[in-house]
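What follows is a single structure, written as structure tokens, with notes after it.
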Amino acid sequence: MTKSYDLIIIGSGTAAMVASTRAAAAGWKVAVIDFRPFGGTCALRGCDPKKMLITGAQVMDDIRRMSTRGVIAPEAHIAWRDLMAFKRTFTGPVPGKQEKNYAKKGVDAYHGHARFTGPNTVEMDGEGTFEARHVLIAAGARPMPLPFPGAEHLVTNEEFLELDELPARIVLVGGGYIAAEFSHIAARAGAKVTILQRGERMLTNFDGDLVGWLMGSFEQVGIEVRLGHSVDAVEKTNEGFTVHARSKDGATRSVQADLVVHAAGRIPDLEPLDLDAAGVERNDRGHLKLNEFLQSVSNPAVYAAGDAAAMGPPLTPVSSHDAKVAVRNLIEGNRYRPDYRGVPSVAFTIPPIASVGMSEQEAREKGLKFRMQSQKASDWYTARRVAESIYGFKVLVEEATDHVLGAHLVGPHVDEVINIFGLAIRQGLTADDLKSMMFAYPTGASDIGYML
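Laid out in structure tokens, this is it:
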């Protein structure tokens with residue numbers, strides 16, 4: 025007998041939890057389907073476990089910076105297996121908690137692969153076909169395919185976060201968040217780390233000047249960054265792997281590794297869903313064709329959120345926001361549009377780099393008139409107190425309105441301070457509003473007035 029639902033959600037991450045909770049509270053009959061343990065990427069295989077490993081790396085860097093300033097800890101080191109065990113104290117209970125939450129809210133939760141068999145029908149292994157008035161695709165993302173021979177030898181970011189032992193020689197292919205963050209973790213845990221980045225700089229989503237300042241932190245910990253290097257092939261050897269790379273000038277170089285990590289980007293995980301069977305169209309990039317309400321333009325029964333929607337930045341808070349918007353539109357009719365103003369982005373390197381709002385280039389391309397404050401501020405108290413040589417900012421304020429257009433920060437505590445700039449952008453606060461705030465002192469936020 026076919027089971028019928030008001031809403032079927034494919035995926036069990038942040039967007040799925042938010043959407044299922046709100047739809048069930050409205051009296052809808054809801055099902056969630058995921059072939060992986062419930063909890064999604066962020067809680068199980070991404071943001072949260074990564075940040076727990078970074079905590080260990082941060083302690084090691086604190087000791088390094090303070091080693092000639094009164095903190096003596098010559099035997100300090102990362103015990104990788106113990107650090108991973110600490111990480112699992114968080115990730116381990118998540119699937120069970122999620123399962124109980126679904127049951128408590130009256131949501132039917134299924135483990136298995138879901139695929140469309142029609143505009144309003146979904147088939148799942150072992151459970152048959154389900155009917156639904158609506159389907160929300162919240163299936164997350166997966167590593168993008170790589171075109172070179174031997175790509176099958178690379179481990180994913182998810183597999184890296186499950187390593188019981190850390191190999192001695194690690195190569196990261198790519199130059200975005202994963203490469204930047206994982207390299208800082210691995211190097212401080214004792215690995216020799218090489219980054220092979222095809223582009224001319226790392227972290228292209230962040231301000232180029234600040235990324236330039238940040239690169240000193242890679243050098244300090246011995247991370248070798250080879251920019252302008254494309255991987256030609258990865259060869260398995262008796263000793264591990266040989267990564268063959270080619271520079272922009274055509275020169276070839278090889279790097280020996282015990283582990284090669286895919287850090288070259290992720291794409292929406294849509295291939296297993298058989299979207300054609302549901303009449304759900306995709307664009308030239310393979311992304312879902314959605315209208316401004318997060319609804320499929322070709323199948324009005326289908327909506328999407330988070331990485332699957334690919335409408336906003338690929339960040340966990342965006343997933344949650346999309347889910348709220350999609351469910352309101354499902355329940356009340358298409359009246360709500362996602363609002364991605366003031367969404368901060370952080371790469372948790374050591375120190376971190378953060379950004380919100382427009383870049384300098386974007387503001388100039390739009391022809392906006394703005395004033396800009398930019399400074400490498402390593403001599404400020406915030407940096408000197410923790411013996412950090414990398415600290416700086418770039419803040420853009422519109423001349424006519426005094427509104428903050430963008431803020432770009434690198435250094436200690438900027439992963440927290442950036443949220444205040446995000447609040448200003450989202451709520452329309454002016455630079456004078458921020459300067460009038462009496463922040464606790466001395467804190468990272470107390471520098472905001474000087475940045476403006």
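Take 25 as the starting number for the sequence shown in the working numbering and just add one per residue. The beta-carbon is built from N, C-alpha and C at its ideal position, and this holds for glycine as well. Owing to the predicted nature of the structure, the values given are computational and were not obtained by experimental measurement.
Among the options, the one whose alpha carbon lies nearest that of residue i
{"i": "V370", "options": "T113, L433, H101 and K418", "result": "L433"}
{"i": "R309", "options": "A325, P292 and N323", "result": "P292"}
{"i": "A448", "options": "E176, G366 and L299", "result": "G366"}
{"i": "G136", "options": "F154, K121, N144 and G142", "result": "F154"}
{"i": "F394", "options": "A257, V304 and A424", "result": "A424"}
{"i": "I87", "options": "V249, W52 and A100", "result": "A100"}
{"i": "G473", "options": "G452, A431, Q451 and Q82", "result": "A431"}
{"i": "Q82", "options": "G357, H427, M462 and A213", "result": "A213"}
{"i": "I414", "options": "H427, W404 and G435", "result": "G435"}
{"i": "D439", "options": "M462, M461 and T373", "result": "T373"}
{"i": "L170", "options": "A162, L339, T180 and E412", "result": "T180"}
{"i": "T38", "options": "G51, R89 and Q122", "result": "Q122"}
{"i": "T228", "options": "K216, G150, H208 and L251", "result": "L251"}
Backbone CA spacing between residue i and residue j [nearest angstrom]
{"i": "S241", "j": "G223", "result": "19 Å"}
{"i": "S36", "j": "R408", "result": "44 Å"}
{"i": "L458", "j": "H437", "result": "18 Å"}
{"i": "V441", "j": "A464", "result": "12 Å"}
{"i": "L294", "j": "R450", "result": "31 Å"}
{"i": "A281", "j": "I194", "result": "5 Å"}
{"i": "F265", "j": "Q397", "result": "46 Å"}
{"i": "L185", "j": "L420", "result": "37 Å"}
{"i": "D363", "j": "G64", "result": "23 Å"}
{"i": "E243", "j": "A210", "result": "14 Å"}
{"i": "C71", "j": "G116", "result": "15 Å"}
{"i": "D426", "j": "A469", "result": "19 Å"}
{"i": "S460", "j": "G357", "result": "42 Å"}
{"i": "A203", "j": "A333", "result": "24 Å"}
{"i": "N125", "j": "R69", "result": "20 Å"}
{"i": "G152", "j": "V349", "result": "30 Å"}
Three-state secondary structure assigned by DSSP to residue i
{"i": "K418", "result": "strand"}
{"i": "P292", "result": "strand"}
{"i": "R105", "result": "helix"}
{"i": "D233", "result": "helix"}
{"i": "G452", "result": "coil"}
{"i": "F265", "result": "strand"}
{"i": "K393", "result": "coil"}
{"i": "G94", "result": "coil"}
{"i": "A275", "result": "coil"}
{"i": "S241", "result": "helix"}
{"i": "V438", "result": "helix"}
{"i": "E423", "result": "coil"}
{"i": "E259", "result": "strand"}
Limits of the unbroken beta strand (DSSP E) element including residue i
{"i": "R193", "result": "R193 to V197"}
{"i": "K27", "result": "K27 to I34"}
{"i": "L160", "result": "G152 to I161"}
{"i": "K216", "result": "K216 to Q221"}
{"i": "F140", "result": "A138 to G142"}
{"i": "S478", "result": "Outside the displayed span of the chain (25 to 476) sits residue 478, for which this structure offers no information."}
{"i": "T145", "result": "T145 to M148"}
{"i": "A55", "result": "V54 to D58"}
{"i": "A50", "result": "Run containing A50: none; DSSP gives neither H nor E here."}
C-beta atoms of residue i and residue j nearer than 9 Å
{"i": "M148", "j": "G289", "result": "no"}
{"i": "R270", "j": "T276", "result": "yes"}
{"i": "K111", "j": "M76", "result": "yes"}
{"i": "V258", "j": "A175", "result": "yes"}
{"i": "A43", "j": "V342", "result": "no"}
{"i": "F206", "j": "V267", "result": "no"}
{"i": "Q221", "j": "H177", "result": "no"}
{"i": "F445", "j": "V304", "result": "no"}
{"i": "M226", "j": "G199", "result": "yes"}
{"i": "V326", "j": "V131", "result": "no"}
{"i": "W104", "j": "D30", "result": "no"}
{"i": "G381", "j": "Q399", "result": "no"}
{"i": "A40", "j": "D58", "result": "yes"}
{"i": "A163", "j": "L297", "result": "yes"}
{"i": "G336", "j": "A347", "result": "no"}
{"i": "L234", "j": "K418", "result": "yes"}
Host alpha helix (DSSP H) of residue i (start-end)
{"i": "H286", "result": "Note, H286: premise wrong, no alpha helix (DSSP H); beta strand (DSSP E) at L283 to H286."}
{"i": "Y201", "result": "Y201 to R212"}
{"i": "D346", "result": "T340 to E356"}
{"i": "Y126", "result": "V118 to K128"}
{"i": "S369", "result": "Here S369 belongs to no alpha helix (DSSP H); instead the beta strand (DSSP E) covers S369 to A371."}
{"i": "Y405", "result": "Y405 to R408"}
{"i": "A301", "result": "L299 to A302"}
{"i": "E248", "result": "No alpha helix (DSSP H) contains E248, which is instead part of the beta strand (DSSP E) from E248 to L251."}
{"i": "Y474", "result": "I472 to M475"}
{"i": "A67", "result": "G64 to R69"}
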